[in-house]
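Visitor: Got a structure here, written out as structure tokens. Questions coming.
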Amino acid sequence: MRTAVRPGGRSDAVRPGASRARRIGAPSWRDPRLLVGLALVLGSVVAGARVVTAAQATTGVYALGSAVGAGQPVSAAGLRVVQVHLDEATAGAYLGAGEDLGAGAVALRGLPAGELLPRSAIGRVGDLTARPVSVPLEGAPPAGVAVGALVDVWVVRESPAAGSTSGTAPEAPQQLAEAAEVSAVATGGTGLSARSGADVQVLVPRGALPRVLQALTDGADIVLVPVPGAGRGAA
Numbered sequence: 006m007r008t009a010v011r012p013g014g015r016s017d018a019v020r021p022g023a024s025r026a027r028r029i030g031a032p033s034w035r036d037p038r039l040l041v042g043l044a045l046v047l048g049s050v051v052a053g054a055r056v057v058t059a060a061q062a063t064t065g066v067y068a069l070g071s072a073v074g075a076g077q078p079v080s081a082a083g084l085r086v087v088q089v090h091l092d093e094a095t096a097g098a099y100l101g102a103g104e105d106l107g108a109g110a111v112a113l114r115g116l117p118a119g120e121l122l123p124r125s126a127i128g129r130v131g132d133l134t135a136r137p138v139s140v141p142l143e144g145a146p147p148a149g150v151a152v153g154a155l156v157d158v159w160v161v162r163e164s165p166a167a168g169s170t171s172g173t174a175p176e177a178p179q180q181l182a183e184a185a186e187v188s189a190v191a192t193g194g195t196g197l198s199a200r201s202g203a204d205v206q207v208l209v210p211r212g213a214l215p216r217v218l219q220a221l222t223d224g225a226d227i228v229l230v231p232v233p234g235a236g237r238g239a240a
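In terms of the working numbering, the sequence shown has 138 at position 133, counting the first letter as 1, and numbering is strictly consecutive.
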């Protein structure tokens, strides 16, 4: 054991292997670990601020003020501007507020009231792949037959009854068109209809036009059967 002599004659014993006390100094601003920590904190704050700002950002786009059938004109007067949250990819699919629709713009499909206006649903009359045909009905349209709904068009014809020279019997129903869109409905002698029944304007594909027009010319009974779950208009 070694003995350390202090001033004034006092001595302290120093044990072999005893560690000397170290002073803990205050961290320096030049400490790399401190700088890295500050950089991480600032980065997370900036990233969080960007996320919050993006979540609060809205885009002004057009929405339909009322339902529009395929082939019907679409103008700014029938639209309203709504603010919605859309990412960049989705926002490009809709017409933004203030964009010009151009002259002669029509709906290429049925658009219900309140729907955002997709660019793909607006075009010109020449872009339509079907033609509107007015189908007269004796009574009110069946439930579900409304603007934007899809219907199958059937015909029931009368043929001479077997063994009779004057009587007739209905033939088997025949489908003329499948999933044709309803573009307009008029009832009670208003609009398209001048009778007590109803007139339903249906967009008939070009390939089915001859069959539908022939049935109307023959005075056969036309039946519209709604396609379940396919209606976009109000019932």
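We put the CB at the ideal spot given by N, CA and C, even for glycine. In this text, all values refer to a predicted model and were calculated from it rather than measured experimentally.
#1: Determine the burial state of Q88: buried for a count of at least 16 other Cβ atoms within 10 Å of its Cβ, exposed for fewer.
#2: Kindly indicate the opening and closing residues of the alpha helix (DSSP H) around A94.
#3: Look at the Cβ atom of L208, then the Cβ atom of L133, and state whether they are nearer than 9 Å.
#4: Along the chain, which unbroken stretches of the beta strand (DSSP E) at least 3 residues long are found entirely within the segment 102-143?
#5: For L45, which three-state DSSP category applies?
#6: May I ask you to report which of helix, strand or coil DSSP gives S198?
#7: From the DSSP output, which residues share a beta bridge with G65?
#8: Contact between the segment 122-136 and the segment 151-165 is defined here as three or more beta-carbon pairs at a separation below 8 Å; is this criterion met?
#9: Is there contact between the segment 44-51 and the segment 91-105, where contact requires at least three CB pairs shorter than 8 Å?
#10: Could you tell me whether the Cβ atoms of R114 and A72 are closer together than 9 Å?
#11: Given this structure, state the Cα-to-Cα distance separating D226 from P175, to the nearest angstrom.
#12: How many whole angstroms separate the CB atoms of L100 and R124, which I take to be in contact at a CB cut-off of 8 Å?
#13: Check this for me: beta carbons of V158 and L218, under 9 Å apart or not?
#14: Cα separation between G224 and P178?
#15: Please tell me whether A108 and L69 are closer than 9 Å, where the distance is taken between their beta carbons.
#16: For P231, count neighbouring Cβ atoms within 10 angstroms of its own Cβ and tell me buried if that reaches 16, exposed if not.
#17: Near A184, what residues of its chain come up, given a Cβ to Cβ distance below 8 Å and the 5 sequence neighbours on each side ignored?
Guide: Let's see:
#1: Within a 10 Å sphere around the beta-carbon of Q88 sit fewer than 16 other beta-carbons, which makes this residue exposed.
#2: E93 to A96
#3: yes
#4: Those beta strand (DSSP E) runs which fall completely within the segment 102-143 and span 3+ residues are 135-142.
#5: Looking at L45 - three-state DSSP - the assignment turns out to be helix.
#6: Confidence at S198 is low in this model, with a pLDDT of 47, below 50, so its placement is unreliable and no value can be given for it.
#7: DSSP lists Q88 as partners of G65.
#8: no
#9: Fewer than three Cβ pairs drawn from the segment 44-51 and the segment 91-105 lie within less than 8 Å of each other, which leaves the two stretches out of contact.
#10: no
#11: 10 Å
#12: 6 Å
#13: No. Outside cutoff.
#14: Near 15 Å, if we compare the C-alpha coordinates of P178 and G224.
#15: no
#16: If you draw a 10 Å sphere on the C-beta of P231, you find 16 or more other C-beta atoms in it, and that means buried.
#17: L155, V156, D157, V232 and A235
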